[in-house]
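**Q** Numbering (the working numbering), first residue to last: 50 to 326.
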Ligand SMILES: [Zn+2]
């Protein structure tokens, strides 16, 4: 059994500030990247105890160079570094049996979400596909689904776990903290979270027979609302994007993969378009 792990950081137990997730921060980030790494490692241990044998781990946060090598099992492959064309889903192609999402967080605009955002808090105000508002988890789950691969585990704050299990009821969720506000949480300790994730990954792997790929049926309509008008000015230049209003763009596609790739490109271009100010 082959497992693809996409690991983010804001949904790690204990995390409630950008500073803890910012690779430039020399005080708190080194501590929290270790906890992020240990949560990934715990998920792998749990899956292994239920029979999974092969793992590809995509480091999916910020610089995408967060995972500490000495915290990783020796026999896994790590997708490291940024930018990567498929970002949080780089390397997620056919041939996997399950996807795990660890350290995931609530989507942009969620009320009860610690550090809630969707790919970029400076660029993305809201994104929806075929009328369904998407989190990073759902965007990645649909890319996995387009390859026939189901998401079986999601870990992070209680809001993203609840939202993801609503769309993917066959998956197992491990909530490591509850939001008190955007910058505050009631959280498990890192050790307790790692134990819960290990156990959740084992249960998720045992439920593989229940799994279904999550798919958006074509034709696909992606609506992207940017934070800044300046971002939309540049995204509009890409063929296929239609400007709806100051901050809203529409992208129609015949496959979800096309719309996912267009979205990743739009987030990058939109960020560059606004960075000039
Ligand atoms: Zn994220």
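C-beta atoms are modelled at their ideal positions from N, C-alpha and C, and glycine is treated no differently.
#1: Helix, strand or coil: which one does DSSP assign to residue 201?
#2: Where does residue 183 sit, in a helix, a strand or coil, going by DSSP?
#3: Beta carbon of residue 77: closer than 7 Å to some heavy atom of ligand 1?
#4: Expressed to the nearest angstrom, what Euclidean distance is found between the alpha-carbon atoms of residue 285 and residue 295?
#5: Go ahead and pull the three-state DSSP assignment for residue 151.
#6: Inspect the CB distances between the region 129-141 and the region 103-120 and report whether three or more fall short of 8 Å.
#7: Going by DSSP, name the residue or residues bridged to residue 221.
#8: Taking C-alpha atoms, which residue in 166, 289, 273 lies nearest to residue 7?
#9: Could you compute how far the alpha carbon of residue 321 sits from the alpha carbon of residue 311?
#10: What did DSSP end up calling residue 256 once you bin it into helix, strand or coil?
#11: May I ask you to verify whether the region 250-269 touches the region 69-83, counting CB pairs closer than 8 Å and requiring at least 3?
#12: Suppose contacts are defined by Cβ-Cβ distances below 8 Å. Is residue 151 in contact with residue 198 by that definition?
#13: I want to know whether the region 235-245 touches the region 300-319 - three or more CB-CB distances under 8 Å.
#14: Taking the C-alpha atoms as reference points, what is the distance between residue 266 and residue 75?
#15: Using the C-alpha atoms, what's the distance from residue 156 back to residue 63?
#16: Cutting at 7 Å between CB atoms, please list the residues of its own chain near residue 243, excluding the five before and the five after it.
#17: Which stretch, first to last residue, makes up the alpha helix (DSSP H) that contains residue 327?
#18: Near residue 245, what residues of its chain come up, given a Cβ to Cβ distance below 6 Å and the 5 sequence neighbours on each side ignored?
#19: With three or more beta-carbon pairs closer than 8 Å as the criterion, would you say the region 275-290 touches the region 138-152?
#20: Is residue 59 near ligand 1, judged by its Cβ being under 7 Å from some heavy atom?
#21: Less than 7 Å separating the Cβ of residue 212 from some heavy atom of ligand 1?
#22: Taking Cβ positions only, does residue 106 come closer than 8 Å to chain D?
#23: Could you name the residues that DSSP lists as bridge partners for residue 126?
#24: Using a threshold of 8 Å, state whether the C-beta atoms of residue 214 and residue 190 are closer than that.
#25: Starting from residue 142, follow the beta strand (DSSP E) in both directions and report where the run begins and ends.
#26: Quick check on residue 100: buried or exposed, where buried means 16 or more other Cβ atoms within 10 Å of its Cβ?
#27: Beta-carbon within less than 7 Å of residue 200's beta-carbon, same chain only, minus the 5 sequence neighbours each way: which residues are those?
#28: Using the C-alpha atoms, what's the distance from residue 124 back to residue 273?
#29: Would the C-beta of residue 185 count as close to ligand 1, meaning under 7 Å from any of its heavy atoms?
**A** Let me spell this out:
#1: strand
#2: coil
#3: no
#4: 10 Å
#5: strand
#6: yes
#7: 202
#8: Lying outside 50 to 326, the shown extent of the chain, residue 7 is not represented and no answer is given.
#9: 15 Å
#10: coil
#11: no
#12: no
#13: no
#14: 45 Å
#15: 18 Å
#16: 87, 88, 91
#17: With the chain running from 50 to 326 in the structure shown, residue 327 is simply not present.
#18: 223
#19: no
#20: yes
#21: no
#22: Going by chain labels, chain D is absent from the structure shown, which holds only one protein chain.
#23: 105
#24: no
#25: Counting along the chain, residue 142 falls outside any beta strand (DSSP E), and DSSP gives it neither H nor E.
#26: exposed
#27: 148, 150, 190, 193, 217, 220, 263
#28: 39 Å
#29: yes
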